[in-house]
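Per the numbering used here, the sequence shown starts with residue 149, numbered consecutively.
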Amino acid sequence: NVNLRIMESIESGNSKLRTVSIDNMAHLRAALPIEAFQGLNSMSLGSDKKLEKLSEFEAVFRSCSSSLQELVISGCPLLKSVTGGLEHLTALKRLELDSLPSLSEAGEGVEDDGTPWRCLHSLRSLKFRYMQNMVKLPNWMRYLTTLEYLQIDSREVESLPEWMPELTSL
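In structure tokens form, the structure reads like this:
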């Protein structure tokens, strides 16, 4: 069962994809040409029971790198890593990670220099919700210097990191 909702905005007679809500990323890539994502503003990926890593869809993220402002990933029980492709999302303002039980530390395996997170220089809002296995905030967050809003809805997070005061825009 594939659920793909596409809302289009008509601009000067040309149809441009603006918002995508999908429960199967593999079908998204197969259903539309990469060029269709160039003006995408918002993407919601939810309840994908097979998705393990975002890097498989790096081309989609690269295609909407300068336009995607909002990304919500929720209810993906096998997703182990959110890295791979996110470094291209330089226009991203809002990121929400919700109900991802296999994700122990969002960004596991990321280099110490913060790659790819340093590229998210437009990110203003970050939400962690119902992250059952996240006991500490990921170190890559220290590079989100433009972050203005942080929501952590997780009883498992044991303490705030020492570098938290570095996020001066919060």
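Each residue gets a CB set at the ideal place from its N, CA and C atoms; glycine is no exception. Here the structure is a predicted model, which means the values were calculated and not measured.
Assumed close pair residue i, residue j - CB separation to whole angstroms, cut-off 8 Å
| i | j | result |
| --- | --- | --- |
| Ile-170 | Ala-207 | 15 Å between Cβ atoms; not a contact. |
| Leu-284 | Pro-249 | Correcting the residue identity first, residue 284 is Lys in this sequence and not Leu. Not confirmed; about 16 Å, so no contact. |
| Leu-188 | Ser-214 | Between Ser-214 and Leu-188 the Cβ distance is about 10 Å, and since that is not below 8 Å, they are no contact. |
| Leu-315 | Thr-293 | 7 Å |
| Gly-223 | Ser-195 | 4 Å |
Boundaries (first-last residue) of the beta strand (DSSP E) holding residue i
| i | result |
| --- | --- |
| Met-191 | 190-194 |
| Ser-222 | 218-222 |
| Arg-242 | 242-246 |
| Gln-280 | First-last for Gln-280: undefined, no H or E at that position. |
| Ile-300 | 297-301 |
Alpha-carbon to alpha-carbon, residue j and residue i
| i | j | result |
| --- | --- | --- |
| Leu-318 | Glu-296 | 4 Å |
| Met-191 | Glu-306 | 30 Å |
| Met-173 | Leu-202 | 9 Å |
| Phe-276 | Asp-246 | 6 Å |
Boundaries of the alpha helix (DSSP H) in which residue i is found, first to last residue
| i | result |
| --- | --- |
| Phe-205 | Premise fails: Phe-205 is in no alpha helix (DSSP H) and is neither H nor E. |
| Arg-277 | Arg-277 -> not in any alpha helix (DSSP H); beta strand (DSSP E) instead, spanning 273-277. |
| Leu-176 | 173-179 |
beta-carbon residue i near the ligand SAH non-hydrogen atom, thresh 7 Å
| i | result |
| --- | --- |
| Ser-250 | Annotation note on the ligand SAH: not contained in the displayed structure, which lists no ligands. |
TODO: Could you tell me whether the stretch 234-243 touches the stretch 268-280, where touching means 3 or more Cβ pairs closer than 8 Å?
DONE: yes
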